[in-house]
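Note that the sequence shown ends on residue 157 in numbering that gives the first Met the number 0; no numbers are left out. Presented below is the structure to which this report refers.
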Amino acid sequence: MAARLSLWGVGPKTIGLTVLYGLLTLWITRQWPQCFSLGFIPYVYLLAIAIVLSVPTAVLYAVTLHAISRAYKADRLVTTGVYAVCRNPLYAVWVFLWLPIIALLCNSWLFLTCSVVLYVLIRWFIGREEKYLEERFGQEYLDYKRRVNAVMPTWPRR
Numbered sequence: 000m001a002a003r004l005s006l007w008g009v010g011p012k013t014i015g016l017t018v019l020y021g022l023l024t025l026w027i028t029r030q031w032p033q034c035f036s037l038g039f040i041p042y043v044y045l046l047a048i049a050i051v052l053s054v055p056t057a058v059l060y061a062v063t064l065h066a067i068s069r070a071y072k073a074d075r076l077v078t079t080g081v082y083a084v085c086r087n088p089l090y091a092v093w094v095f096l097w098l099p100i101i102a103l104l105c106n107s108w109l110f111l112t113c114s115v116v117l118y119v120l121i122r123w124f125i126g127r128e129e130k131y132l133e134e135r136f137g138q139e140y141l142d143y144k145r146r147v148n149a150v151m152p153t154w155p156r157r
């Protein structure tokens with residue numbers, strides 16, 4: 000069996016590369032704000048939307064992190080709560096919430112492309128995590144994987 004992955008999995012690698020890309024997008028936005036800023040919306044509205052979105056995003060992130068931390072310590076697979084909707088909700092929160100919030104705060108539509116970059120990186124690197132989970136949890140993980148998408152939320156079927 001493969002060595003146990005850290006709690007963070009491939010997150011540091013994907014987030015690190017996305018941060019580098021994000022810094023580049025912010026530099027480009029600052030060089031040519033007329034091309035890349037969200038100038039058609041007053042900044043005060045962007046700020047208000049970002050603040051309003053930040054509160055539930057922070058709560059969701061904290062709940063998700065708490066659930067995976069407990070499961071990691073207990074060496075068990077978590078498939079309930081937010082994990083019943085998405086196998087990697089920590090990554091999903093970054094792709095669909097934190098990065099767009101940062102784009103609003105930085106007034107940069109170009110920064111929104113960080114979500115696409117992060118999603119692609121996650122899909123590229125996630126195989127290592129999935130292989131480990133398949134080896135560790137076997138059929139339970141394979142059934143879970145069949146039911147629930149990796150990053151895009153899977154809406155429960157009736």
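Quick reminder that beta carbons are idealized off the backbone N, C-alpha and C, glycines included.
Checklist entry - Can you find a C-beta in chain D that's less than 7 Å from the C-beta of Gly10? => result Of the chains in the structure shown, none is chain D; there is only one protein chain.
Next on the checklist: Between the alpha carbons of Thr13 and Leu117, how many angstroms are there, rounded?
Outcome noted: 6 Å
Next on the checklist: For Asp74, report the span of its alpha helix (DSSP H) as first-last.
Outcome noted: Note, Asp74: premise wrong, no alpha helix (DSSP H); not H, not E.
Item to check | Residue interval of the alpha helix (DSSP H) (run including Trp26) | outcome: 10–30
Item to check | Burial state of Ser5 (16 or more Cβ within 10 Å) | outcome: exposed
Item to check | Residue from Arg135, Ile100, Arg127, Leu46 with nearest C-alpha to Val77 | outcome: Arg135
Next on the checklist: Checking 7 Å against the spacing of the C-beta atoms, do Leu89 and Thr63 come in under that value?
Outcome noted: yes
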